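Student: With numbering that gives the first Met the number 0 applied, the sequence shown closes on residue 640, and no number is skipped along the way. The structure that follows is given in the form of structure tokens.
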Amino acid sequence: MILFASSLSHLLFAALVVAPADRLSMADRLFGRGDFAAAKREYLALKGVSGVDEADVLYRLVASSEGLKDLAETRKQADQFLSRFASHSLAGRVRLMKALAGNDAQKKEELSDFIRDAADTSLRAEAMFHLARLTSDAALYERCRKLDPKGRYAPYASFKFASFCIADKDPAVRRKGLAELMEIVYGKDPALAKDALYLAAVHSYREGRYGESVALLKRYMKLHPGDSRIVEVNRLASLSELMAGRYSQALSFCTDDNDETLLFVKAMANDNLGEKAAASKAAKEYIEKFPQGANLQSINLLIARTEFDEAVKTKDTAKILESSRRAALLPGSGAADKLRYAWALEAAGKIQEAEESYAAVSRDFPGSHDAAEATYRRAMSLLRREKWQAAELSLAEALSTGKLTNERKALALYWRGVSSVRSGHSEKGIEYLKEAVKTSLPLDEAREARLMIADADFNAGRTLEAKKEYSLLIREGALVRMSAAKTLAVGRILEGEDAKLCAQSLIKSDSPQWRQAGFALLGEIEDGEGAFGAAIYSYTKAMEEPCVTESLAKVALRLGVLEVRGGDSKKAEKALKKAIELNAANGEARAEAYLTLARASLMRNDVESARAYATVVTALFDKTKFAAEAEKILKENSEER
């Protein structure tokens with residue numbers, strides 16, 4: 000038998016003596032090595048030869064034409080296969096190959112038909128992927144990966160879907176996209192993981208999450224030190240650190256003074272670190288090397304602001320005003336410089352002028368982020384002057400621009416809610432606060448907003464909702480932001496451990512009045528729980544404070560009652576006498592105190608005192624619920640006995 004040779008001429012000769020099945024295997028080896036033209040010639044030679052499956056040969060011809068990127072031939076041979084073997088197990092794959100060899104219109108139509116009627120799940124998922132890529136349809140990418148989550152195209156579909164999500168206008172969708180990318184980063188496909196890591200880092204930077212972007216970029220540098228993207232990754236890392244305010248870290252990336260971005264970062268970072276000489280040197284070097292640089296305006300502004308920074312450093316108000324005014328008038332200066340001038344006016348106590356300057360920025364730079372910021376700052380100035388209605392209008396204007404950063408938008412909604420409530424429009428204000436807490440509101444403002452919402456619920460009779468929110472807030476640490484009066488009010492509404500947290504917060508106060516209120520509240524809670532020993536201790540601590548608050552009258556009475564129950568008649572008598580004194584206007588409380596004194600007297604067999612106290616109850620408080628027991632004491636302890 001003639002041996003198989005590597006040359007095609009020998010292969011064709013071998014066809015004379017090699018069995019068709021073996022020749023097909025040899026052709027498959029050519030195909031596997033990527034020699035599609037040679038493989039195709041062999042498949043053509045085997046077409047119609049007995050001993051080999053004709054459907055298999057026709058399928059291989061389609062695949063060879065596809066490998067040769069001969070689109071017309073691929074579609075032609077696919078039609079031949081499908082006309083003869085429409086129900087063959089390979090028919091689905093051939094249909095898909097034909098569709099992918101068509102023009103865009105043919106692809107769109109044929110892939111759509113394939114997705115609707117094909118039976119093979121993996122092939123349908125593959126068709127979805129290609130159609131999604133053709134139409135830029137994020138939903139199709141998601142359908143693809145859900146249809147065949149373990150399939151060949153699932154990781155790529157997930158990556159493409161995440162890429163679409165992070166470009167969405169909805170922050171929630173963008174967050175979902177980032178989460179998808181991070182799953183890929185820690186997935187099993189190293190190539191996709193690398194691309195996902197880079198994309199996640201870029202997305203975090205664009206979203207203003209600079210700390211997150213730096214962490215991702217550093218991971219990229221560690222895993223892919225020789226990658227073609229490494230220069231851009233280094234630039235982005237330096238910018239991220241700069242924008243995050245980590246100026247020393249930003250400088251650590253500035254290793255090439257011939258790189259425009261890194262030289263810009265070097266100047267800006269040194270300036271923010273107070274290294275004015277180094278900043279000035281880098282800025283001048285930038286202007287020399289990159290006279291048309293993308294960051295030229297920022298560099299010019301940096302140099303112009305030097306005097307302003309020096310004036311701020313020395314706290315020279317006059318120089319601050321003068322230097323900021325000059326910077327604002329500098330050719331090429333923009334809204335940011337005028338904002339600094341307005342700030343300087345506000346810091347100098349020239350509030351009216353500052354508000355006018357903020358208004359000028361809003362007017363002169365309409366539709367800009369700086370204009371929105373100026374409107375917001377003017378609103379904050381009005382808030383500090385308690386001009387609630389004017390502040391609300393200004394905040395509404397700032398929000399309507401759509402140019403506020405996410406952080407500013409959240410704060411603007413919060414302060415709009417506060418100003419609405421303060422100006423008497425509580426219902427509207429609460430709606431703004433509810434909207435604010437759904438945003439990226441800072442923790443302190445978020446807690447304050449939730450407190451105001453809970454207050455509104457409580458005042459409107461929605462007690463359960465209010466108590467639930469108060470409880471959550473307290474467990475989250477909101478007590479540090481609550482006034483003592485608010486803490487006491489909330490503590491009286493809540494129960495159990497939540498109420499105890501309020502009481503304990505008051506006990507830590509520097510004010511004896513609030514400490515007394517805290518001990519009183521804690522004692523009341525423990526009393527209600529049946530922890531009488533603990534309640535006695537708390538009530539006693541309340542009595543020891545050098546003040547008299549409205550809660551002390553009740554505290555003294557309950558302490559006396561509990562001391563009697565505990566068997567200490569002397570302590571009981573002391574507390575009850577104080578209760579009588581403090582409850583001068585409360586007959587019911589005095590009646591209970593006298594009756595309890597009678598009980599205490601009986602405990603130490605002082606019948607005479609017991610009768611005396613009981614007589615006071617029957618004589619002065621005969622209409623109270625305590626009169627009957629007093630009568631009983633008198634009857635059971637008559638003078639004759």
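Yeah, the Cβ is synthetic: ideal placement off N, Cα and C, and Gly gets one too. Since the model is a prediction, treat every value here as computed from it, not as a measurement.
Whole angstroms are fine: how far does the CA of tyrosine 375 sit from the CA of asparagine 405?
Tutor: Cα to Cα, asparagine 405 sits roughly 13 Å from tyrosine 375.
Student: Within its chain, find whatever has a CB closer than 8 Å to the CB of leucine 133; leave out the 5 residues flanking it on each side and keep chain order.
Tutor: Asp103, Lys106, Lys107 and Leu110, listed in sequence order.
Student: Buried or exposed: isoleucine 229, going by 16 or more other Cβ atoms within 10 Å of its Cβ?
Tutor: Result: exposed.
Student: Whole-angstrom Cβ separation of arginine 446 and arginine 421, contact assumed at under 8 Å?
Tutor: About 18 Å; that fails the 8 Å criterion.
Student: By Cβ distance, which residues of its chain are closer than 6 Å to tyrosine 593, with the 5 residues on each side in sequence left out?
Tutor: Counting only Cβ-Cβ distances below 6 Å, and skipping sequence neighbours, we find Tyr612, Val615 and Val616.
Student: I need the straight-line Cα distance from methionine 242 to alanine 62, nearest angstrom please.
Tutor: About 53 Å.
Student: Would you mind working out which of Pro441, Leu382 and Leu180 sits nearest lysine 408, comparing C-alpha positions?
Tutor: Looking at the Cα atoms, Pro441 is the closest of the given residues.
Student: Going along the chain, which residues of its own chain have a beta-carbon closer than 7 Å to the beta-carbon of threonine 393, five neighbours each way excluded?
Tutor: Note on identity: in this sequence residue 393 is serine, with threonine being the wrong assignment. Closer than 7 Å at Cβ, skipping near neighbours: Thr374, Arg377, Ala378 and Leu381.
Student: To the nearest angstrom, how far is the alpha carbon of aspartate 52 from that of alanine 44?
Tutor: Rounded to the nearest angstrom, the two C-alpha atoms are 13 Å apart.
Student: With distance defined between alpha-carbon atoms, name the residue in Ala453, Ala37 and Ser356 nearest to valine 489.
Tutor: Here the closest residue by C-alpha is Ala453.
Student: Compute the beta-carbon to beta-carbon distance between leucine 521 and alanine 552, rounded to the nearest angstrom, for a pair I have assumed lies under 8 Å.
Tutor: At roughly 17 Å, the Cβ-Cβ gap does not stay under 8 Å, so leucine 521 and alanine 552 are not in contact.
Student: Kindly give me the distance between the Cβ atoms of leucine 261 and serine 227, rounded to whole angstroms, as I take these residues to be in contact under 8 Å.
Tutor: So it is not a contact: roughly 18 Å between Cβ atoms.
Student: Within the segment 435-470, note down every full alpha helix (DSSP H) run reaching 4 residues or more, in order along the chain.
Tutor: The segment 435-470 contains these whole alpha helix (DSSP H) runs: 442-458.
Student: Beta-carbon within less than 6 Å of aspartate 336's beta-carbon, same chain only, minus the 5 sequence neighbours each way: which residues are those?
Tutor: So the qualifying residues of the chain are Ala326 and Ala327.
Student: Tell me the start and end of each unbroken alpha helix (DSSP H) in the segment 527-615 that is at least 4 residues and wholly inside, in chain order.
Tutor: DSSP runs (the alpha helix (DSSP H)) wholly in the segment 527-615: 531-543, 551-565, 568-581 and 586-602.
Student: Rounded to whole angstroms, how far is the Cβ of alanine 266 from the Cβ of alanine 249, which I believe are closer than 8 Å?
Tutor: That belief does not hold up - the Cβ atoms of alanine 266 and alanine 249 are roughly 11 Å apart, past 8 Å.
Student: Would you report the Cα separation of phenylalanine 128 and arginine 142, rounded to the nearest angstrom?
Tutor: Each residue's Cα considered, the two are about 9 Å apart.
Student: Compare the Cα-Cα distances from histidine 223 to each of Val184, Val547 and Gly207 and report the closest residue.
Tutor: Taking only the C-alpha atoms, the option nearest histidine 223 is Val184.
Student: Let me see if you follow: with CB-CB separation under 8 Å, is threonine 260 close to chain B or not?
Tutor: In the structure shown, chain B cannot be found, because there is only a single protein chain.
Student: Figure out for me which residue from Lys314, Gly401, Lys402 and Trp387 has the closest Cα to the Cα of glycine 416.
Tutor: Selected option, being the one with the closest Cα: Trp387.
Student: Using only the alpha-carbon positions, how far apart do tryptophan 342 and alanine 353 sit?
Tutor: Cα to Cα, tryptophan 342 sits roughly 7 Å from alanine 353.
Student: Would you identify the three-state DSSP class for arginine 228, choosing helix, strand or coil?
Tutor: Three-state DSSP puts arginine 228 in coil, outside helix and strand.
Student: Given a cut-off of 8 Å, decide if leucine 198 and threonine 216 are closer than it, judged by their beta-carbon atoms.
Tutor: The residue asked about is misnamed: residue 216 is leucine in this sequence, not threonine. It is not a contact, given that the beta carbons lie outside the stated cut-off.
Student: In terms of residue numbering, what span does the alpha helix (DSSP H) encompassing histidine 129 cover?
Tutor: First-last of the alpha helix (DSSP H) with histidine 129: 120-134.
Student: When burial is assigned at 16 or more other CB atoms within 10 Å of the CB, is threonine 462 buried or exposed?
Tutor: By the 10 Å Cβ count, threonine 462 comes out exposed.
Student: Within its chain, find whatever has a CB closer than 6 Å to the CB of glutamate 125; leave out the 5 residues flanking it on each side and keep chain order.
Tutor: Same-chain partners within the cutoff: Tyr152.
Student: Looking only at its chain, what residues have a beta carbon closer than 7 Å to the beta carbon of aspartate 119, apart from the 5 residues adjacent to it on each side?
Tutor: Only Gly91 meet the Cβ criterion.
Student: Going straight from the alpha carbon of asparagine 458 to that of glycine 423, what length do you get?
Tutor: Looking at the two C-alpha atoms, the distance is approximately 15 Å.
Student: Could you name the residues of the same chain whose beta carbon sits closer than 6 Å to that of serine 212, not counting the 5 residues immediately before and after it, in chain order?
Tutor: Closer than 6 Å at the Cβ level, and outside the excluded window around serine 212, lie Ala200, Ser203, Tyr204 and Ser239.
Student: On the three-state DSSP scale, how would you describe glycine 176?
Tutor: Glycine 176: helix per DSSP, three-state reduction.
Student: Do alanine 555 and valine 563 count as a contact pair if the criterion is CB distance below 8 Å?
Tutor: For valine 563 and alanine 555, no; Cβs fall outside 8 Å.
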